[in-house]
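In this text, residue positions in the sequence shown follow our numbering: the first is 802, and each later residue adds one. The C-beta atom is built at its ideal place from N, Cα and C for all residues, glycine as well. Computed from a predicted model, the values in this text were never measured in an experiment. For reference, the structure discussed in these notes is given below.
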Amino acid sequence: MEFQNIRVSLNKPKAKLFWLSFIVLFTTLLFSSTFTQAQATEFSSTEPTKIKPKGKILIVMTNHAKYPSREDTTGLWVTELTHFYDVATAAGYEMDFISPKGGSIPLDERSQKSSYMDKEARAHLADPDFMTRLNHTMKPSEVKASDYKAIYFTGGHGVMWDFPNNAELVSLSEQIYRQGGVVSAVCHGVAGLLALKDEQGQPLIAKHKITGFSNEEEALSGMKKQVPFFLEHELKAKGAIYKQSLIPFTSFVIVDDRIITGQNPQSPREVGQAVMTRLAQIQ
């Protein structure tokens, strides 16, 4: 009886239009769903598109591990690498690691204390791939300045022995700067800028605003008798306009065109952010 009612109702014009519209809509939705599922299957089977890096940054670390009269070791101040590294990675840059002699990088003992480390730094030190890179850094002679948009000198007291006057590091840094790149450093790593010269043969940092580990911070660290020189003194001797934070051991960064420096171990993340900003402006 119900079937007969449907047949009768189909003879009415309005009913015919209703059921015809319903059939068309149902067919359309069914086809659309099938097509969407097919598209999703096809897309999921495709390899994800790799994002092209924005460029490369050269990171310089020390090979020097010994103090003159302390039993603990110096070397790389861990977070002065990892904080910058994380910022640059997030911004889409690749990084190469070099050191004056190449090979293994000693890690400053004090920098690995819980008061200085964070979970990101600990994660890097627990990462076999990251540690392999730290244990097999390249020599300056194994890289080309033309491959890099910036150079970054990490710190740790060890750099005061093997960064200044290293001819290969000087050459790389000067070339990167002259090709329009950024020269950056943090804490004692700013010692890597002392020997750089401009195209007229004058100190590159002369008349530029620069920061770096201060004499006051050196004294507060108890290291005045351990270092071969005071960084603040040497920067001023090269004609730099030295600046420092009002409060020791607080983040402080100076951007003077394409020379970017940070004062202390609290500054590498902000140095990284400043370098990323400057590179974006250049590009």
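If the five residues before and after T1051 are omitted, its C-beta is found closer than 7 Å to the C-beta atoms of Q1067, all from its own chain and listed in chain order.
The bridge partners DSSP lists for L882 come to none.
Comparing C-alpha distances from Q1074 to each of K998, V861, V983 and I1011 shows the shortest one belongs to V983. For L1005, the three-state secondary structure derived from DSSP is coil. For L859, the pairing in a beta bridge is given by DSSP as D897 and I952. By the C-beta density criterion, K950 is buried, having at least 16 other C-beta atoms within 10 angstroms. Taking a cut-off of 8 Å on C-beta distances, the region 916 to 926 does not touch the region 945 to 962, as fewer than three cross pairs fall below it. Counting the other CB atoms within 10 Å of its CB gives L1032 a total of 16 or more, which places it among the buried residues.
Shown here, Y868 sits in coil according to DSSP, grouped into three states, outside any helix or strand.
In this model, G990 and P854 are separated by some 26 Å (Cα to Cα). Pairwise C-beta distances place the region 925 to 933 out of contact with the region 968 to 987, as fewer than three of them are shorter than 8 Å.
If the five residues before and after K1037 are omitted, its C-beta is found closer than 8 Å to the C-beta atoms of Y1043, all from its own chain and listed in chain order. For A946, no beta strand (DSSP E) segment is defined, and its DSSP state is neither H nor E. If you look at D1057, you'll find it in the beta strand (DSSP E) that goes V1054 to D1057.
Pairing F964 with P869, the inter-Cα distance amounts to about 17 Å.
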